[in-house]
Each structure stands twice: as C-alpha cells, then as structure tokens.
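Asker: Under the working numbering, the letters of the sequence shown match residues 15 to 234, in that order.
Starting off with a structure, shown below.
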Amino acid sequence: MTKKRVGVLISGRGSNLGALIDACRSPDYPAKIVLVISNVPSAQGLLRAEAGLVPTRTINHKDFLSREAFDEALDATLNEAGVELLCNAGFMRLHTESFVQRWWNRHLNIHPSLLPAFKGMHTHERVLEEGVKITGCTVHFVRPEMDSGPIVAQAAVPVLPNDTRDDLAARVLEAEHQLYPHALELVASGEVRVEGERVVGLTQVREQKPLISPPRNEVF
Numbered sequence: 015m016t017k018k019r020v021g022v023l024i025s026g027r028g029s030n031l032g033a034l035i036d037a038c039r040s041p042d043y044p045a046k047i048v049l050v051i052s053n054v055p056s057a058q059g060l061l062r063a064e065a066g067l068v069p070t071r072t073i074n075h076k077d078f079l080s081r082e083a084f085d086e087a088l089d090a091t092l093n094e095a096g097v098e099l100l101c102n103a104g105f106m107r108l109h110t111e112s113f114v115q116r117w118w119n120r121h122l123n124i125h126p127s128l129l130p131a132f133k134g135m136h137t138h139e140r141v142l143e144e145g146v147k148i149t150g151c152t153v154h155f156v157r158p159e160m161d162s163g164p165i166v167a168q169a170a171v172p173v174l175p176n177d178t179r180d181d182l183a184a185r186v187l188e189a190e191h192q193l194y195p196h197a198l199e200l201v202a203s204g205e206v207r208v209e210g211e212r213v214v215g216l217t218q219v220r221e222q223k224p225l226i227s228p229p230r231n232e233v234f
C-alpha cells in the first residue's frame with residue numbers, strides 16, 4: 015500500500031496529533047505522518063511526536079515580520095518533506111490566502127462544534143450560553159475564511175444538564191480523537207473528494223439512530 019505523506023501543524027499539547035499517530039500505526043491505514051511542525055517551541059505536542067518517532071520542526075512565528083513570511087517558511091518546509099496532505103491539529107494561527115490556495119483540497123482542520131454553527135473561539139462557553147442540547151466536532155477542508163470549507167465528517171455529542179465548560183470540552187475532545195483519524199482515512203484513501211464546495215464519494219453509509227438530547231426516557 016502506498017500511503018499518503020501527511021504533515022501535522024500544532025501549537026499546543028497535540029492530543030489530536032496523538033490520535034492520528036496511533037491510527038497511522040495500523041498497517042492498512044492509508045496515511046503516514048512524515049513531519050510535525052509547531053509554531054510554539056515549548057509545545058507539548060512536539061514531545062508526543064518524538065515519542066512516536068515522528069520527525070519534528072519548530073518554526074516560531076515570532077521570528078517573522080509578517081504572516082506571509084511565516085507561511086512561506088511553513089510551505090517550504092512541508093514541501094521539502096514531501097508532504098501531500100496537511101492536518102491542522104490545534105494550530106492557533108490563521109493562514110494567509112496564498113498558503114490556503116497552495117494546499118487547496120489537501121488541507122484539513124478540526125473544529126470543536128458542528129459547523130457551520132459556533133465558528134471561532136470560546137466554542138463550548140457559547141454552546142452552554144445558548145442552551146444547545148447537541149454539539150460536536152467537525153473535520154473540514156481549509157478555506158481562507160476561518161472555520162469554513164467543505165465538511166468531511168462530523169461527530170455529535172450531547173450537552174448534559176450540569177455541564178461545565180471543561181466537562182463539555184472533554185467530551186467533545188474524546189469525539190475528536192475518533193473523528194479526525196476517520197476523516198483523514200477517508201481523504202487519504204480517496205474514498206471522498208471535493209466537488210464544487212462539497213465532499214462527495216461515499217456510496218454506502220450505514221443508517222444510524224438519531225442522537226436525542228435530553229434522552230426520551232428523561233422526558234416522558
């Protein structure tokens with residue numbers, strides 16, 4: 015099997031990176047991580063990558079005078095490593111439009127909400143403030159506008175009555191760890207593709223029961 019060469023961008027602890035590294039250990043998984051780049055020299059995720067025997071680089075955005083210059087260095091490093099698919103995994107930088115264009119339909123991001131709802135920061139606080147009963151996470155192709163782009167896969171998570179921000183964040187993160195490897199597998203295997211601004215390609219999808227929150231037995 016020829017595996018797609020994947021680069022991962024991180025800024026922090028790299029928990030989703032860990033999930034991707036674990037998935038890539040499977041012989042029949044269609045991708046392998048060839049490089050992890052952090053814009054933060056102290057990012058814990060770098061240690062996680064090194065423990066998984068994945069090459070790492072640090073490209074500190076503070077060393078550059080502009081976002082364009084930083085993205086140029088990022089792009090050059092990714093190309094030197096032969097990266098074919100790119101995954102943002104807790105990468106806390108907005109990309110320039112030129113960088114997004116270079117990685118068009120080859121660049122994934124994960125966001126902790128059911129997009130297009132709750133784009134941006136402080137997602138879980140806003141979910142709780144709005145009284146939403148079901149939230150979740152989304153893997154999508156990157157576009158110039160933040161948290162937009164064709165959706166590859168989503169996972170739904172119930173919001174429980176006494177949830178705090180941390181309770182909800184932990185539950186959504188657990189779903190992210192399942193969703194991101196699944197979405198990358200769909201893209202790397204060629205099982206899905208982008209047509210126009212929609213992801214297509216899956217012909218057999220198993221019907222699932224709806225997630226109802228609060229559960230019906232608590233209502234009747």
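We put the beta carbon where it would ideally sit given N, CA and C, even for glycine.
Could you please give me the residues that DSSP links to Thr152 through a beta bridge?
Answerer: His125, Gln168
Asker: Note down, in chain order, each residue of its chain lying with its Cβ closer than 7 Å to the Cβ of Leu200, except the 5 sequence neighbours on either side.
Answerer: Val166, Ala167, Val206
Asker: Given that a residue counts as buried once 16 or more other Cβ atoms are within 10 Å of its Cβ, and exposed if not, what is Ala33?
Answerer: It counts as buried.
Asker: So, is Thr110 buried or exposed, given that buried needs 16 or more other C-beta atoms within 10 angstroms?
Answerer: Buried, since its Cβ has 16 or more Cβ neighbours within 10 Å.
Asker: According to the neighbour-count rule (16 or more other Cβ atoms, all chains shown, within 10 Å of its Cβ), is Arg220 buried or exposed?
Answerer: exposed
Asker: Around the Cβ of Ile124, are there at least 16 other Cβ atoms within 10 angstroms (buried) or fewer (exposed)?
Answerer: buried
Asker: Expressed to the nearest angstrom, what Euclidean distance is found between the alpha-carbon atoms of Ala87 and Ile73?
Answerer: 8 Å
Asker: Below 8 Å between beta carbons: does that hold for Ser227 and Val173?
Answerer: For Ser227 and Val173, yes; Cβs fall inside 8 Å.
Asker: In terms of residue numbering, what span does the beta strand (DSSP E) encompassing Ser9 cover?
Answerer: This structure cannot speak to residue 9, because the chain is shown only from 15 to 234.
Asker: Pull up the distance between the alpha-carbon of Val186 and that of Arg230, whole angstroms please.
Answerer: 22 Å
Asker: Relative to the C-alpha of Ser80, which residue among Arg107, Gly66, Thr70, Met15 is closest?
Answerer: Arg107
Asker: Select from Ile47, Gly134, Asp77 the residue whose C-alpha is nearest the C-alpha of Ala95.
Answerer: Ile47
Asker: Would you say the beta carbon of Leu193 is closer than 7 Å to some non-hydrogen atom of the ligand ZN?
Answerer: Among the components modelled here there is no ligand, and therefore nothing to report on the ligand ZN.
Asker: Taking Cβ positions, are Ile51 and Leu23 nearer each other than 8 Å?
Answerer: yes
Asker: What are the boundary residues of the alpha helix (DSSP H) that includes Glu159?
Answerer: It is not in any alpha helix (DSSP H) - Glu159 carries neither H nor E in the DSSP assignment.
Asker: Let me know if Thr76 comes out buried or exposed under the rule of 16 or more other beta-carbons within 10 Å of its beta-carbon.
Answerer: First, the residue type needs correcting, since residue 76 is Lys and not Thr in the sequence shown. Label assigned to Lys76: exposed.
Asker: Sorted by chain position, which residues of the same chain lie with C-beta nearer than 8 Å to Val208's C-beta, five sequence neighbours on each side aside?
Answerer: Asn119, Phe155, Pro164, Val214
Asker: Please report how far the alpha carbon of Asp189 lies from the alpha carbon of Leu142, in whole angstroms.
Answerer: In the sequence as displayed, the identity of residue 189 is Ala instead of Asp. So the two alpha carbons sit approximately 18 Å from each other.
Asker: If you draw a straight line from the alpha carbon of Leu61 to that of Glu144, how long is it in whole angstroms?
Answerer: Roughly 37 Å separates the two Cα atoms.
Asker: Note down, in chain order, each residue of its chain lying with its Cβ closer than 6 Å to the Cβ of Ala170, except the 5 sequence neighbours on either side.
Answerer: Ile148, Gly150, Leu225
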